[in-house]
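Peer 1: In our numbering, the protein residues as written are 130 to 631. Ideal Cβ positions, reconstructed from N, Cα and C, are used throughout, including at glycine. Computed from a predicted model, the values in this text were never measured in an experiment. Okay, here's the structure, questions in a sec.
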Amino acid sequence: MVETLEQEFLAYIKKMEALEEALALVYWDLRTGAPAKGMEGRSDVIGVLSEEIFNMQTSEEMAAFIAGLNQEKENLSEITRKTLEESQKTYDLNKKIPSKEYAEYTKLVAQAETAWTTAREQNDFAAFEPFLTKILEMKRKFVEYWGYEENKYDTLLDQYEPGVTVSVLDSVFEKVRDGIMAIREKIANEGVKPDASILNTKISEAKQKEFSIRILNKMGFDFEAGRLDETVHPFATGLNTGDVRITTRYNENDFKMAVFGTIHEGGHAIYEQNFDQALVGTPLANGASMGIHESQSLFYEIIIGSSLAFWKSNYADFQAITKPAFDHVKLEDFYRAVNISESSLIRIEADTLTYPLHIMIRYELEKALINGELEVKDLPKAWGDKYEEYLGIRPDNDTNGVLQDIHWAGGDFGYFPSYALGLMYAAQFFHQMQKEITNIDAIIASDDYTELKTWLTEHVHTFGKTKKPLDILTDTTGEGLNPTYLLELLEKRYAYVYQFNK
């Protein structure tokens, strides 16, 4: 009886995952070149598939599976048990919201994203304010439906980073903030600024692509299980472990966008190409969390791709491919210029050192919004105050300030911390990797990264979503989240780039 119910449940889940894959494929096509006249029809298909998936997630049939299998948990395989837990979490989240309110919220978010686009173009927060006010009102209400223990914001955090709470973030973010501020002070008082002008040269799209593909191969991206395309907003999407697609964006006046963007998305893709095959067809063939997913992309982009050891190996190839642009630029000068750090208003343009500060600003603001300590009407001023406090600059308009991110228009409160957590996870994984792999800098400076990829697969990739993010971190490194390793990495890197501590 239990075996039959388990088989029926897994078949039901497999059908749902097939619909998810179809939906992902439609989205990929929509973002990578679907004809303009096909957009409306494609959107209709997305709507139908999304509704069907939602209906399956919350159906009476799903409720019966949850009730029946929960009584036999000890007799289930580990994969079925974990799949059941994921399915129940989704079911509970959706079912606790009255259907009329969920429909109202879905419609509101669609309207809000359109309103945000217009408001951003017109530099007019007041036009977007009513939509964000209503979204916040409904989010606060949803948190009450879902319940919380210590902090209302914890409930939203858990949807993106299971196990991470406000108490954890407040502690680690304070340490990271103080550490970054100390490094920035050293740069200001003791640093020798690199010459960034040496990067102001035009590199053709073809040359950027040639170099990027060479690096993807070295990283271990499997082109027989993936592909590289071009789009306005780079992303990675895993249809299944044998079909993980990445996109990049080329700018002939800024090669860093495509080179580092491709490395970043390649890190996401390698993660998804290496889930345990036994998880395929279940929701467990996914990243453990947004933060863990980001840790893999940032490991390759920041820990490896932005390191001096990486460029010791790859700069000669880069010079040859981009010849004659960098013929007379020394490796050290190139590396220092690539890693320059400056205060900026725009999150997605921020450098490695200042990026976590952008995330902390958003975290503190949305935490205050959810807990009723800040209202939407006061957001632009609060935003400006935080930027002045953390980065010493203040936006002179809404577009460069509170309207720059789409996340809140989509109701994605609780998402932002994952970006900073990913960088901390990556640094902590790297610290442990250095203990277990002899002469790691020599490997990074070589043409074979197999040992690095194998380590990541064994400790992170293979588990998919069967483990919570902090469990992966603890099992791999022997300790909980520790921001010290990120600060040590940043201190060492920027001491070299700005030539202080000499």
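Considering only residues of the same chain and omitting the five flanking positions on each side of residue 391, which have a CB-CB separation below 6 angstroms?
Peer 2: The count along the sequence shown starts at 1 and reaches residue 391 at position 262. These residues qualify, in order along the chain: 341, 377.
Peer 1: Quickly, what does DSSP pair residue 476 with across the bridge? List them, please.
Peer 2: Start at 1 with the first residue of the sequence shown, and residue 476 comes out as number 347. For residue 476, which the question treats as bridged, DSSP gives no partner whatsoever.
Peer 1: So residue 366 and residue 153 are supposed to be a Cβ contact under 8 angstroms. How far apart are they, rounded?
Peer 2: Translated into positions along the sequence shown, residue 366 becomes position 237. Translated into positions along the sequence shown, residue 153 becomes position 24. Their Cβ separation, rounded to whole angstroms, is 5 angstroms, which keeps residue 366 and residue 153 in contact under 8 angstroms.
Peer 1: If distances are taken between C-alpha atoms only, which option among 533, 168, 221, 442 comes closest to residue 488?
Peer 2: Taking the first residue of the sequence shown as position 1, residue 488 is located at position 359. The candidate whose alpha carbon is nearest that of residue 488 is 533.
Peer 1: Inspect the beta-carbon positions of residue 616 and residue 609 and report whether they are closer than 8 angstroms.
Peer 2: As a position in the sequence shown, residue 616 is number 487, starting the count at 1. As a position in the sequence shown, residue 609 is number 480, starting the count at 1. Result no, Cβ atoms of residue 616 and residue 609 do not sit closer than 8 angstroms.
Peer 1: Is there contact between the segment 473 to 490 and the segment 317 to 337, where contact requires at least three CB pairs shorter than 8 angstroms?
Peer 2: Because the criterion of three Cβ pairs below 8 angstroms is not met, the segment 473 to 490 and the segment 317 to 337 do not touch.
Peer 1: What span of residues does the alpha helix (DSSP H) with residue 373 cover, start to end?
Peer 2: Start at 1 with the first residue of the sequence shown, and residue 373 comes out as number 244. Looking at the DSSP string, residue 373 is not in any alpha helix (DSSP H); the run it does join, the beta strand (DSSP E), is 372 to 377.
Peer 1: On a Cα-Cα basis, can you pick out the residue from 514, 567, 574 that is closest to residue 432?
Peer 2: As a first step, residue 432 must be located in the sequence shown, where it is residue number 303. Among 514, 567, 574, the Cα nearest to that of residue 432 is on 574.
Peer 1: Could you tell me whether the segment 251 to 268 touches the segment 497 to 509, using the rule of 3 or more Cβ pairs below 8 angstroms?
Peer 2: Yes, the segment 251 to 268 is in contact with the segment 497 to 509.
Peer 1: Going by beta carbon distance, what residues of the same chain come within less than 7 angstroms of residue 161, once the five residues before and after it are set aside?
Peer 2: The residue you call residue 161 lines up with position 32 of the sequence shown. Excluding sequence neighbours, residue 161 sits near 358, 360, 376.
Peer 1: Below 8 angstroms between beta carbons: does that hold for residue 606 and residue 557?
Peer 2: By 1-based counting over the sequence shown, the position of residue 606 is 477. By 1-based counting over the sequence shown, the position of residue 557 is 428. Against a cut-off of 8 angstroms, the Cβ pair of residue 557 and residue 606 comes out as a contact.
Peer 1: Measuring straight from C-alpha to C-alpha, what distance separates residue 570 and residue 436?
Peer 2: Here residue 570 refers to the residue found at position 441 when the sequence shown is read from its first residue. Here residue 436 refers to the residue found at position 307 when the sequence shown is read from its first residue. Computed Cα separation, rounded: 9 angstroms.
Peer 1: Check this for me: beta carbons of residue 163 and residue 171, under 8 angstroms apart or not?
Peer 2: If you number the sequence shown from 1, residue 163 lands on position 34. If you number the sequence shown from 1, residue 171 lands on position 42. Yes. Within cutoff.
Peer 1: What runs of the alpha helix (DSSP H), each 4 residues or longer, lie entirely inside the segment 184 to 229?
Peer 2: If we require 4 residues or more, the alpha helix (DSSP H) runs fully inside the segment 184 to 229 come out as 189 to 199, 207 to 224.
Peer 1: Are the Cβ atoms of residue 182 and residue 217 separated by less than 8 angstroms?
Peer 2: Taking the sequence shown and counting its residues from 1, the one referred to as residue 182 is at position 53. Taking the sequence shown and counting its residues from 1, the one referred to as residue 217 is at position 88. Not in contact: residue 182 and residue 217 (Cβ atoms no closer than 8 angstroms).
Peer 1: Would you kindly report the start and end of the unbroken beta strand (DSSP E) that includes residue 356?
Peer 2: Against the sequence shown, residue 356 aligns to sequence position 227. 355 to 359 is the span of the beta strand (DSSP E), which, as asked, contains residue 356.
Peer 1: Grab me the residues of residue 628's own chain with a C-beta within less than 6 angstroms of its C-beta, minus the 5 sequence neighbours each way, in chain order.
Peer 2: Along the sequence shown, read from residue 1 onward, the residue named residue 628 stands at position 499. Cβ within range, chain order: 321.
Peer 1: Taking one C-beta from the segment 457 to 469 and one from the segment 517 to 536 each time, how about it: are there three or more such pairs within less than 8 angstroms?
Peer 2: Cβ pair count under 8 angstroms is below three, so no.
Peer 1: Given a threshold of 16 other Cβ atoms within 10 Å of its Cβ, counted over all protein chains shown, does residue 516 qualify as buried or as exposed?
Peer 2: Translated into the one-based positions of the sequence shown, residue 516 becomes position 387. Result: buried.
Peer 1: State the CB to CB distance for the pair residue 328 and residue 594, rounded to an integer number of angstroms; the pair is presumed to be in contact (CB under 8 angstroms).
Peer 2: Along the sequence shown, one-based indexing puts residue 328 at 199. Along the sequence shown, one-based indexing puts residue 594 at 465. In fact, because the Cβ distance is near 39 angstroms, the residues do not count as touching under 8 angstroms.
Peer 1: Mapping the DSSP letters down to three states, classify residue 276 as helix, strand or coil.
Peer 2: One-based indexing of the sequence shown puts residue 276 at position 147. If DSSP states are grouped into helix, strand and coil, residue 276 belongs with coil.
Peer 1: Starting from the Cα of residue 235, find the closest Cα among 179, 212, 185 and give me that residue.
Peer 2: Numbered from 1 along the sequence shown, position 106 holds the residue referred to as residue 235. Answer by Cα proximity: 179.
Peer 1: Between residue 355 and residue 364, what straight-line distance do the alpha-carbon atoms span, to the nearest angstrom?
Peer 2: Taking the sequence shown and counting its residues from 1, the one referred to as residue 355 is at position 226. Taking the sequence shown and counting its residues from 1, the one referred to as residue 364 is at position 235. Those two C-alpha atoms are separated by around 13 angstroms.
Peer 1: Spell out the partners DSSP gives residue 366 in its beta bridges.
Peer 2: For the purposes of this step, residue 366 is taken as the residue at position 237 of the sequence shown. BP columns for residue 366 point to 374.
Peer 1: Indicate whether the contact test is met: 3 or more Cβ pairs, each with one atom in the segment 283 to 303 and one in the segment 345 to 353, closer than 8 angstroms.
Peer 2: No, they do not touch.
Peer 1: Mind reading off the beta-carbon distance from residue 434 to residue 389? Whole number of angstroms is fine, and I expect it under 8 angstroms.
Peer 2: Walking along the sequence shown from the start, residue 434 turns up at place 305. Walking along the sequence shown from the start, residue 389 turns up at place 260. Contact holds; Cβ gap of about 6 angstroms.
Peer 1: Measuring straight from C-alpha to C-alpha, what distance separates residue 211 and residue 567?
Peer 2: Translated into positions along the sequence shown, residue 211 becomes position 82. Translated into positions along the sequence shown, residue 567 becomes position 438. Whole-angstrom Cα-Cα distance: 36 angstroms.
Peer 1: Ignore the nearest five residues each way along the sequence and tell me which others in residue 429's own chain have a CB closer than 8 angstroms to its CB.
Peer 2: As a first step, residue 429 must be located in the sequence shown, where it is residue number 300. Taken in chain order, the residues that qualify are 348, 392, 393, 395, 396, 399.
Peer 1: Ignore the nearest five residues each way along the sequence and tell me which others in residue 309's own chain have a CB closer than 8 angstroms to its CB.
Peer 2: In the sequence shown, residue 309 corresponds to position 180, counting from 1. 482, 483, 485, 486, 616, 619.
Peer 1: With a 10 Å radius around its C-beta and 16 neighbouring C-beta atoms as the bar for buried, classify residue 549 as buried or exposed.
Peer 2: Reading the sequence shown from its first residue, position 420 is the one you call residue 549. It is buried - the Cβ of residue 549 has at least 16 other Cβ atoms within 10 Å.
Peer 1: Which residues in the same chain have their Cβ closer than 8 angstroms to the Cβ of residue 331, if we skip the five residues on either side of it in sequence?
Peer 2: Reading the sequence shown from its first residue, position 202 is the one you call residue 331. So the list reads 381, 382, 454, once near-sequence residues are dropped.
Peer 1: In chain order, what residues of the same chain have a beta carbon less than 7 angstroms from the beta carbon of residue 438, not counting five sequence neighbours either side?
Peer 2: Along the sequence shown, read from residue 1 onward, the residue named residue 438 stands at position 309. 570, 573, 574, listed in sequence order.
Peer 1: In whole angstroms, what separates the C-alpha of residue 499 from that of residue 545?
Peer 2: The residue given as residue 499 occupies position 370 in the sequence shown. The residue given as residue 545 occupies position 416 in the sequence shown. Taking the straight line joining both Cα atoms gives about 14 angstroms.
Peer 1: In three-state terms, what does DSSP make of residue 170?
Peer 2: Mapped onto the sequence shown, residue 170 falls at position 41. Residue 170 falls in the helix class under three-state DSSP.
Peer 1: Could you compute how far the alpha carbon of residue 403 sits from the alpha carbon of residue 586?
Peer 2: In the sequence shown, the residue the question calls residue 403 occupies position 274. In the sequence shown, the residue the question calls residue 586 occupies position 457. Each residue's alpha carbon lies about 6 angstroms from the other.
Peer 1: For the alpha helix (DSSP H) that contains residue 565, what are its first and last residues?
Peer 2: The count along the sequence shown starts at 1 and reaches residue 565 at position 436. Counting along the chain, the alpha helix (DSSP H) containing residue 565 begins and ends at 546 to 565.
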